[in-house]
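**Student:** 1 is the number of the first residue of the sequence shown in full-length UniProt numbering; add one for each residue after it. Backbone N, C-alpha and C define an ideal beta-carbon position, used for all residues, glycine too. Right, I'll just put the structure down here and ask away after.
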Amino acid sequence: MEMKQDPTDRHGSESTGRFNDITGATPKEKLQNAYARLRASSNAASTPIAVDSVTPSSAGDIEPVLPVSMPQTTLPLSTRTHENPADLAAPIGEHEDVADVVVVSPALLFSEQAGVQTIQPSAIFEKTEHILPGSFRLGPSEFAVTMPMDSVGKDNYERALAEHSDSVKLLLSGFQSADGNVLPMSEQAQRIADIRHLIEKLDNIAVHTDLNIAEHVKRSQLDVSKEASWAEYTSAKFLFLGQLIEIAGAQELHILLIVGKKETAELVERYFTGKGFAPVRPRAEMRGHVELSLVNGLLSVGILSTQHDGTVETYRPPAVIFALDSSFNASNPVIEHLRTTYARNGNLLPVVHLIIANSSEHIQRCLPDLPEVQRLRLLVHIVKSLVDMLGDLQDNALGVQDDADEIFTCLMSDDFNANWTLPAIEPLHILVSNGQQSEDPLGTQVMHPTVVESSVNKRIFETLDADTPESKRQRIHSSQELTQITTQSSAPTSQTLDLTARLQALEARLVEMKANHAAEVERLQTTISDYEARSTERIKGWEDLQHRYEARNKELHQIRKERDSLQAEKAKAEQKAIRQQEEITKLKDERTQLKHDLQTARDDLKAEGGLKEQLEVLQEQNRKLSDDNADLTKKKEYEKKQAEYIREKYQDASHSAAGLGVENASLKKEIENYQRLLEAEVTKLSELKRQNDESKHLARVKELEQTLEARETLLRKKEEELRNIRNNRPATRATSTQPRSPKSWGNNGSRPTSPGVNNGVGNRSSGLRFSSELL
């Protein structure tokens, strides 16, 4: 159950901050101290007024008049908090304390921000439906049907709970370990993710037991017909769909199925394929804006995933929406567009929730709006408590076959909502433990559910609200009491000024309320005009729809008449064919009998003897010869045809051989031409090779000649240099031409000034000679 916050608590910190100067530990003590302060200030303020009065009798003759107090149960529709209340309540300086208290009253009574709060006229006529806690929550034109669960699903359900038992225990214990320590936030996040995975598994089991292993089933490539039978055997939802399509097979209906995941959509598609449905259009044409439609005769189904975003084009206008899992969200823009587009009789397109009784998807729709962790904790706790009652239907619930019959009746009626007769889902019967809050280590409110029998007086969700109506009423009474105390404690002069200021404020507020009322009336008139225009347009649309419906209905009746006539003609033709077959059988039997009688008569004639016997023998021989002649004639014709065939084949072969000979001669000529061309090309290539070799040799000769010329030039240069060296050499001394006289040092080498290379005695030439020769 959704808990609404008290309006007086919205700005609690702001309002309580204004009374910090008043002593007191509790609001009651603060009120008592404020009352004492007001009484003291009123006594101090009344004495100067009596002394300063000019009229002698004003001090004692005129009694102060107490203000008439308003009933405490009467509250104003609109309240204005003035921006500067001191200007209205205390125009005289000595009443500053009273002015401060005047600000207190509206702050305690209405803690909203300053301004006028007006009740909208639409809120007066708004229908507030009381929803029992624990009830299955449904929107407009939404219905729900509870279904059982077989033993296979229950086993998988309990197995999934056992696999995640550690996370469940930690969640229910407030994330406290065995030693009493609170788990870190990272591990808490992991446990919460594991709990979400558990809830997803439980929801999948409620739809189909194989949905958690959808990839494995998809890779196994099972027979779709066997897979459809298995789905009906293990899942009550698919059994319901099978019963419904069997009943509505001859009706022109389009049913839309809403699923959550892609795997669920593929599983549903394989189921309907196994039931004989075929896709309306190829896969390549099914874009993101087209539903997955399958058709079998006049009945068609559409499969749509809640993960899709954007407008969806349906194969035909759907008659109803079936929500197969817990992913359905009525506020989804795609769902809203479909339901408003195909609305009928002033109602949205009906939605039927297929729910496994006491399952996780059932419990989720019965929980109030709570924070995520608290909601998961409450959900898991109730799931564990109701696991033994999984799939148990309520006393007035119908079977799957009866549910399909009733829903088909609603589909065939003009108004689906008005003809819905299935029993409503009873609220979850939960007994709340008072000690649960104290045992919760995190201080969160966790409800402890226990199942009770249906015959016992059933208690349902009890929500603990700190701001009860009694506490609200107490705060209102205390605020009004403080206001009355403030009014009574004021002096007559301050009362007059205060009443004048309040009267002016009320007049200003009345003017503003009139203006707001006029604006509201204008807005309502505009809204009414808009609604009238839309209603007129909708009526026109309904008229067009009725016209199209009548035309199609007339066409449907005509087609049905033609179908009935064709069926009658078909039956007559089948009967006629049966009679003709019987006549043919009789004629064959008579022919066989006549042949047998003829053979018997012939045998009798042979047995009698005489001329008749001879005549019969001759006739028999004649018949045999006639048969032989006919056989020979057939053989002759066959041999003639065979000879003609062989002759034609021989002629064809001769023509083919002549053609091949001509082709062979032409090919030989072509070969000779190619050979001549080849020889010419070889000659050209040899000539080109010879010319290429000749050019290479000439280039080499030219290169060698250039090298030779360069070396001859170099040689001439060297010889010229040598001659220059020889010509520039000094003259030989005269003593060098005479024979050398023997000296003591002649055998020891040349003289120190000798120009010889090795200073040898036998070598008297200059070393420059040898140096020039080396060049």
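Roughly how many whole angstroms lie between the Cα atoms of S69 and T500?
**Tutor:** Along the sequence shown, read from residue 1 onward, the residue named residue 69 stands at position 69. Along the sequence shown, read from residue 1 onward, the residue named residue 500 stands at position 500. Residue placement at S69 is poorly supported in this model, since its pLDDT is 39, which falls under 50; the coordinates still yield a value, given next. In a straight line, the C-alpha of S69 is about 17 Å away from that of T500.
**Student:** Is it buried or exposed for E269, if we count other Cβ within 10 angstroms and need 16 for buried?
**Tutor:** One-based indexing of the sequence shown puts residue 269 at position 269. Looking at its Cβ environment, which holds 16 or more other Cβ atoms inside 10 Å, E269 is buried.
**Student:** Got a sec, what are the start and stop residues for the alpha helix (DSSP H) T234 sits in?
**Tutor:** Here the question's residue 234 lines up with position 234 in the sequence shown. Where T234 is concerned, the enclosing alpha helix (DSSP H) stretches over 224 to 234.
**Student:** Can the beta-carbon of I255 be found closer than 9 Å to that of G302?
**Tutor:** Mapped onto the sequence shown, residue 255 falls at position 255. Mapped onto the sequence shown, residue 302 falls at position 302. Contact flag set, yes.
**Student:** Please state whether DSSP places P333 in a helix, a strand or coil.
**Tutor:** Position 333 of the sequence shown, counting from 1, holds the residue named residue 333. P333: helix per DSSP, three-state reduction.
**Student:** Per DSSP, what kind of secondary structure is L294 in: helix, strand or coil?
**Tutor:** By 1-based counting over the sequence shown, the position of residue 294 is 294. Three-state result, L294: strand.
**Student:** From N347, D309, Q307, M185, pick the residue whose C-alpha is nearest to that of V320; which is it?
**Tutor:** Taking the first residue of the sequence shown as position 1, residue 320 is located at position 320. Of the candidates N347, D309, Q307, M185, the one whose C-alpha sits nearest the C-alpha of V320 is N347.
**Student:** Who are the Cβ neighbours of E142 in its own chain at under 6 Å, not counting the five residues just before and after it?
**Tutor:** Numbered from its first residue, the sequence shown carries residue 142 at position 142. The answer, listed in chain order, is V351.
**Student:** If D150 sits next to T234, beta carbons under 8 Å apart, how far is it from one beta carbon to the other, in whole angstroms?
**Tutor:** By one-based count along the sequence shown, residue 150 stands at place 150. By one-based count along the sequence shown, residue 234 stands at place 234. That pair is a contact at about 6 Å.
**Student:** Should the stretch 354 to 368 be regarded as contacting the stretch 193 to 209, the criterion being three or more beta carbon pairs within less than 8 Å?
**Tutor:** Yes, the stretch 354 to 368 touches the stretch 193 to 209.
**Student:** Can you find at least 3 beta carbon pairs, one from the stretch 412 to 431 and one from the stretch 157 to 170, that sit closer than 8 Å?
**Tutor:** They do not touch, by the three-pair rule.
**Student:** Mapping the DSSP letters down to three states, classify R726 as helix, strand or coil.
**Tutor:** Locating residue 726 in the sequence shown gives position 726, where the first residue counts as 1. Residue state, collapsed to three classes: helix.
**Student:** So for S177, helix, strand or coil by DSSP?
**Tutor:** Here residue 177 corresponds to residue number 177 of the sequence shown, with the count starting at 1. Coil at S177, not helix or strand.
**Student:** CA-CA distance, L428 and P133?
**Tutor:** Working through the sequence shown from its first residue, we reach residue 428 at position 428. Working through the sequence shown from its first residue, we reach residue 133 at position 133. C-alpha separation (whole angstroms): 8 Å.
**Student:** With I321 as the anchor, note down where its beta strand (DSSP E) starts and where it stops.
**Tutor:** For the purposes of this step, residue 321 is taken as residue 321 along the sequence shown, with counting starting at 1. Counting along the chain, the beta strand (DSSP E) containing I321 begins and ends at 320 to 323.
**Student:** Find the nearest neighbour of L304 within the set N296, Y315, L292, judged by alpha-carbon distance.
**Tutor:** By one-based count along the sequence shown, residue 304 stands at place 304. Answer by Cα proximity: L292.
**Student:** Under the assumption that S327 contacts G274 (Cβ atoms under 8 Å), give the Cβ distance between them as a whole number of angstroms.
**Tutor:** In the sequence shown, residue 327 corresponds to position 327, counting from 1. In the sequence shown, residue 274 corresponds to position 274, counting from 1. Contact flag wrong, Cβ pair sits at about 24 Å.
**Student:** How should S656 be labelled, buried or exposed, when 16 other C-beta atoms within 10 angstroms of its C-beta is the threshold for buried?
**Tutor:** Mapped onto the sequence shown, residue 656 falls at position 656. Exposed, since its Cβ has fewer than 16 Cβ neighbours within 10 Å.
**Student:** With DSSP collapsed to three states, give me the class of F408.
**Tutor:** Within the sequence shown, residue 408 is the residue found at index 408, counting from 1. DSSP places F408 in helix when its eight states are reduced to three.
**Student:** Could you check if A515 is buried or exposed, using at least 16 other CB atoms within 10 Å of its CB as the buried criterion?
**Tutor:** Within the sequence shown, numbered from 1, the residue matching residue 515 stands at position 515. Exposed is the call here.
**Student:** Going along the chain, which residues of its own chain have a beta-carbon closer than 8 Å to the beta-carbon of L379, five neighbours each way excluded?
**Tutor:** Within the sequence shown, numbered from 1, the residue matching residue 379 stands at position 379. For L379, where only same-chain residues beyond five positions count, the Cβ hits under 8 Å are I199, S360, I363, Q364, L367.
**Student:** For L556 and R523, what's the separation of their Cα atoms in angstroms?
**Tutor:** Walking along the sequence shown from the start, residue 556 turns up at place 556. Walking along the sequence shown from the start, residue 523 turns up at place 523. Approximately 47 Å between the Cα atoms of the pair.
**Student:** Pull up the DSSP beta-bridge partners for V182, would you.
**Tutor:** Here residue 182 refers to the residue found at position 182 of the sequence shown. Its beta-bridge partners are Q176.
**Student:** Figure out for me which residue from K689, A343, Q651 has the closest Cα to the Cα of P317.
**Tutor:** Taking the sequence shown and counting its residues from 1, the one referred to as residue 317 is at position 317. Looking at the Cα atoms, A343 is the closest of the given residues.
**Student:** Taking 9 Å as the cut-off, decide whether the C-beta atoms of N296 and F272 are in contact.
**Tutor:** Indexing the sequence shown from 1 puts residue 296 at position 296. Indexing the sequence shown from 1 puts residue 272 at position 272. Yes, the Cβ-Cβ distance between N296 and F272 is below 9 Å.
**Student:** In the DSSP assignment, the beta strand (DSSP E) including L299 goes from what residue to what residue?
**Tutor:** For this step, residue 299 is matched to residue 299 along the sequence shown. It spans 299 to 305 - the beta strand (DSSP E) in which L299 sits, taken as one unbroken run.
**Student:** Quick check on D603: buried or exposed, where buried means 16 or more other Cβ atoms within 10 Å of its Cβ?
**Tutor:** Residue numbering aside, residue 603 sits at position 603 when the sequence shown is read from its first letter. With fewer than 16 other Cβ atoms within 10 Å, it is exposed.
**Student:** Considering only their Cβ atoms, is the gap separating R196 from L183 smaller than 9 Å?
**Tutor:** On the sequence shown, residue 183 is found 183 positions in, with the first residue counted as 1. On the sequence shown, residue 196 is found 196 positions in, with the first residue counted as 1. Cβ atoms of L183 and R196: not closer than 9 Å.
**Student:** Run through the DSSP bridge pairs and tell me what A144 is partnered with.
**Tutor:** Residue mapping note: residue 144 aligns to position 144 of the sequence shown, counting from 1. H353, per the DSSP bridge assignment.
**Student:** Hey, could you find the ends of the beta strand (DSSP E) I258 is sitting in?
**Tutor:** Walking along the sequence shown from the start, residue 258 turns up at place 258. Element bounds for I258: 254 to 259.
**Student:** Can you tell me the Cα-Cα spacing of G391 and A144, whole angstroms?
**Tutor:** Here residue 391 corresponds to residue number 391 of the sequence shown, with the count starting at 1. Here residue 144 corresponds to residue number 144 of the sequence shown, with the count starting at 1. Spanning the two alpha carbons is a distance of roughly 15 Å.
**Student:** Looking at A519 and T146, is the spacing between their C-beta atoms short of 9 Å?
**Tutor:** Here the question's residue 146 lines up with position 146 in the sequence shown. Here the question's residue 519 lines up with position 519 in the sequence shown. Taking 9 Å as the Cβ cut-off, T146 and A519 do not qualify as a contacting pair.
**Student:** Tell me the residue span of the alpha helix (DSSP H) that contains Y271.
**Tutor:** In the sequence shown, counting from the first residue as 1, residue 271 sits at position 271. It spans 262 to 274 - the alpha helix (DSSP H) in which Y271 sits, taken as one unbroken run.
**Student:** Within 10 angstroms of the Cβ of R339, are there 16 or more other Cβ atoms? Answer buried if so, exposed if not.
**Tutor:** On the sequence shown, residue 339 is found 339 positions in, with the first residue counted as 1. R339 comes out buried.
**Student:** Could you tell me the distance, in whole angstroms, from the CA atom of S225 to the CA atom of P140?
**Tutor:** The residue given as residue 225 occupies position 225 in the sequence shown. The residue given as residue 140 occupies position 140 in the sequence shown. Near 37 Å, if we compare the C-alpha coordinates of P140 and S225.
**Student:** DSSP state of E569, grouped into three classes?
**Tutor:** As a first step, residue 569 is located in the sequence shown; it is residue number 569 there, counting from the start. Looking at E569 - three-state DSSP - the assignment turns out to be helix.
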